[in-house]
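Colleague: Dropping the structure in here first, questions after.
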Amino acid sequence: MEEMEEELKCPVCGSFYREPIILPCSHNICQACARNILVQTPESESPQSRRASGSGVSDYDYLDLDKMSLYSEADSGYGSYGGFASAPTTPCQKSPNGVRVFPPAMPPPATHLSPALASVPRNSCITCPQCHRSLILDDRGLRGFPKNRVLEGVIDRYQQSKAAALKCQLCEKAPKEATVMCEQCDVFYCDPCRLRCHPPRGPLAKHRLVPPAQGRVSRRLSPRKVSTCTDHELENHSMYCVQCKMPVCYQCLEEGKHSSHEVKALGAMWKLHKSQLSQALNGLSDRAKEAKEFLVQLRNMVQQIQENSVEFEACLVAQCDALIDALNRRKAQLLARVNKEHEHKLKVVRDQISHCTVKLRQTTGLMEYCLEVIKENDPSGFLQISDALIRRVHLTEDQWGKGTLTPRMTTDFDLSLDNSPLLQSIHQLDFVQMKASSPVPATPILQLEECCTHNNSATLSWKQPPLSTVPAEGYILELDDGNGGQFREVYVGKETMCTVDGLHFNSTYNARVKAFNKTGVSQYSKTLVLQTSEGG
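FYI, in the UniProt record's numbering the residues of the sequence shown are 1 to 536.
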């Protein structure tokens with residue numbers, strides 16, 4: 001459950017979501033945090049002026065729709081997001097999660113409403129802190145975004161599970177830890193007090209006893225809130241629009257923008273999407289199980305490398321001691337080379353353990369969050385987030401590629417000492433074989449004639465040098481963020497061609513590739529500069 005905690009925290013304030021709202025990009029944000037990162041835009045960027053000029057067709061107008069981060073779905077809060085080309089420069093501060101937060105462009109007007117519900121400045125726009133998509137708010141402001149009641153319920157259950165143990169209410173002196181709660185009596189009992197004050201006979205035999213945590217939740221649970229339409233606040237959701245992928249009310253079907261769309265029963269779509277999410281989780285669960293077994297294998301490799309190293313050093317010392325003084329001087333040099341190989345193996349395996357552990361923690365957190373979401377009984381609330389969760393589950397499963405769960409290092413020390421020449425060759429004494437039969441692969445060569453960009457996608461191709469005799473087991477392709485930032489892995493596998501989608505338009509990217517086998521990794525290729533198209 002603890003690994004799910006990051007799924008329940010706002011990317012802006014770093015705390016558990018409070019009154020979370022769902023942005024059009026399917027990401028969540030606290031209602032108060034959404035108000036804090038609003039930025040006022042010039043009059044020419046407002047929805048009213050766009051509709052008047054005939055260039056706008058939606059209540060929410062995206063400013064930088066195409067500038068979606070390549071890592072936005074997998075790495076929450078990655079990098080920083082800037083303001084807008086037409087917006088005035090606004091100072092920014094950093095949230096606990098490292099996301100840049102833009103303060104309001106003007107102080108909120110005095111009002112009797114809560115700060116989160118007070119009217120927002122006219123012509124305000126908001127940028128999602130996770131995928132960096134920007135949009136201009138309409139006249140409804142933040143009220144136009146649906147509330148994520150499913151997420152609120154998951155957070156409440158999570159906090160309840162971490163709460164301190166409940167005490168018996170009938171203990172006379174030091175209260176003991178409660179073991180049950182009677183729903184009819186509304187009292188928490190320890191085992192001795194339950195036997196003494198609530199025996200399972202007579203009228204009390206029909207009372208229902210539940211675990212303390214379940215009893216505490218049932219005390220606080222309020223009647224389920226009926227989901228209301230954001231466009232028609234007095235109407236409840238009754239159908240599901242297949243085209244827009246959102247719950248709608250009957251007025252939306254009769255007079256709203258969904259009148260000509262295909263709709264289906266809310267309950268049927270609720271069950272269908274729960275089934276789809278459950279099926280997606282099955283595949284991800286298998287990947288997580290494989291990853292756990294792989295981590296055990298890597299940790300065993302660390303132990304095996306340690307044991308092999310000790311054994312090899314002992315053998316080497318015994319051979320060197322037999323060659324008297326001259327051999328002792330050479331022995332120190334040989335030990336240094338063994339230790340270097342030892343440290344190299346440990347570093348490669350430990351780096352792979354660290355990388356795999358981070359990925360597994362993110363995967364497990366997402367799985368636990370999805371399982372909690374599946375427990376929800378609110379069809380419309382579930383359907384508001386189910387599509388985004390299904391996409392995230394598939395994307396996370398794809399990240400566990402074949403190359404990810406393959407050790408990049410062996411535990412063997414392929415060294416053999418030749419002591420036949422003895423003293424005659426003591427000054428030339430060296431290892432006959434020190435990974436010479438299994439070196440790292442040669443540096444790949446990017447094939448410039450086959451590398452190209454199209455819109456916001458880039459296709460890269462590479463090959464091994466013509467005279468290379470060492471086979472490569474796979475390749476690692478890396479791209480920066482389009483702003484000259486750090487490189488990140490975008491492909492790991494055996495193919496020699498890869499197409500990367502979802503890049504920023506009108507941006508310059510740097511790409512490089514390296515090869516690997518069980519011995520280690522090669523040097524990076526020369527860096528290739530790629531320029532994406534100017535617009536979608």
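Note that the Cβ used here is the ideal one computed from N, Cα and C, for glycine as well.
The structure presented is a predicted model; accordingly, all values stated were derived computationally and were not measured.
(1) DSSP on M4, reduced to helix/strand/coil?
(2) According to DSSP, is T459 helix, strand or coil?
(3) Under 9 angstroms, do residue 547 and P444 count as touching if we go by C-beta distance?
(4) If you draw a straight line from the alpha carbon of R299 to that of T404, how long is it in whole angstroms?
(5) Going by the CB atoms, is the gap between R512 and L467 shorter than 9 angstroms?
(6) Does the structure place the region 378-397 close enough to the region 259-273 that three or more beta carbon pairs sit under 8 angstroms?
(7) If you draw a straight line from the alpha carbon of Q306 to that of E183, how long is it in whole angstroms?
(8) Check the C-beta distance from S461 over to E450 and give it rounded, since I have them as a contact under 8 angstroms.
(9) Pick helix, strand or coil for V12, following the three-state DSSP scheme.
(10) Any chance you could list the alpha helix (DSSP H) runs of at least 4 consecutive residues sitting entirely within the region 247-325, in chain order?
(11) Give the DSSP bridge partners of H454, in chain order.
(12) Is the beta carbon of K147 closer than 9 angstroms to that of I22?
(13) Report back the beta-carbon spacing between G482 and Y509 to the nearest angstrom; my notes put them in contact at under 8 angstroms.
(14) Would you check if the region 287-297 and the region 328-338 touch, i.e. whether three or more CB-CB distances between them fall below 8 angstroms?
(15) When burial is assigned at 16 or more other CB atoms within 10 Å of the CB, is G153 buried or exposed?
(16) Alpha carbons only, please: which of D191, A213, V187 is nearest the one belonging to H207?
(17) Following the continuous beta strand (DSSP E) through T127, name the residue where it begins and the one where it ends.
(18) List the DSSP bridge partners of S26.
(19) Near T469, what residues of its chain come up, given a Cβ to Cβ distance below 8 angstroms and the 5 sequence neighbours on each side ignored?
(20) Have a look at L528 and F516 and give me their C-alpha separation to the nearest angstrom.
(21) Please look up how many angstroms separate the CB atoms of R408 and K518, rounded, as I've assumed it's under 8 angstroms.
(22) My guess is that C25 and Y17 are in contact by the Cβ rule of under 8 angstroms, so how many angstroms apart are they, rounded?
(23) Buried or exposed: N377, going by 16 or more other Cβ atoms within 10 Å of its Cβ?
(24) Between A34 and the rest of its own chain, which residues show a CB-CB distance below 7 angstroms, the 5 nearest in sequence each way excluded?
(25) What is the rounded straight-line gap between the Cα of Q399 and the Cα of I136?
(26) In the structure shown, what three-state DSSP assignment does E397 receive?
(27) Can you give me the C-alpha to C-alpha distance between L492 and L415, rounded to a whole angstrom?
(28) Scan the UniProt domain "Fibronectin type-III" (440-535) and note each continuous alpha helix (DSSP H) run of 4 residues or more that stays entirely inside, going in chain order.
(29) If you measure between the beta carbons of L253 and S259, is that distance less than 9 angstroms?
(30) If I measure Cβ to Cβ from T364 and keep anything under 7 angstroms in the same chain, skipping five residues before and after, which residues do I get?
(31) Are S124 and V12 touching if we call contact CB-CB under 9 angstroms?
(32) Please say whether L277 and I374 have beta carbons closer to each other than 9 angstroms?
(33) Would you call the CB atoms of C320 and N328 closer than 9 angstroms?
(34) Rounded to whole angstroms, what is the Cα-Cα separation between F413 and T406?
(35) At what residues does the beta strand (DSSP E) containing L135 begin and finish?
(36) Going by other Cβ atoms of all chains shown within 10 Å of its Cβ, with 16 needed for buried, is A332 buried or exposed?
Modeller: Reading off the structure:
(1) helix
(2) Taken through DSSP and simplified to helix, strand or coil, T459 comes out as strand.
(3) Residue 547 lies beyond the range of the chain shown here (1 to 536); nothing can be said about it.
(4) So the alpha carbons of these two residues sit roughly 16 angstroms apart.
(5) no
(6) yes
(7) 58 angstroms
(8) 4 angstroms
(9) coil
(10) 250-254, 266-321
(11) S457
(12) yes
(13) 5 angstroms
(14) no
(15) Note on G153: 16 or more other CB atoms within 10 angstroms of its CB, so buried under the neighbour-count rule.
(16) Nearest C-alpha to H207: V187.
(17) 124-127
(18) Note: S26 sits in no beta bridge, so no partner.
(19) none
(20) 20 angstroms
(21) 7 angstroms
(22) 16 angstroms between Cβ atoms; not a contact.
(23) exposed
(24) Taken in chain order, the residues that qualify are I21, I126, L142.
(25) Whole-angstrom Cα-Cα distance: 33 angstroms.
(26) helix
(27) Reading off the sequence shown, one finds Val at residue 492, where the question assumed Leu. Rounded to whole angstroms, V492 to L415 spans 30 angstroms at the Cα level.
(28) The alpha helix (DSSP H) runs lying completely inside the UniProt domain "Fibronectin type-III" (440-535) and spanning 4 residues or more number zero.
(29) yes
(30) Within the same chain, T364 has close Cβ partners E3, A288.
(31) no
(32) Judged by beta-carbon spacing, L277 lies within the 9 angstroms limit of I374, meaning their Cβ atoms are closer than that value.
(33) yes
(34) So the two alpha carbons sit approximately 19 angstroms from each other.
(35) For L135, the enclosing beta strand (DSSP E) begins and ends at 134-136.
(36) The Cβ neighbour count for A332, taken over all protein chains shown within 10 Å, is under 16; the residue is labelled exposed.
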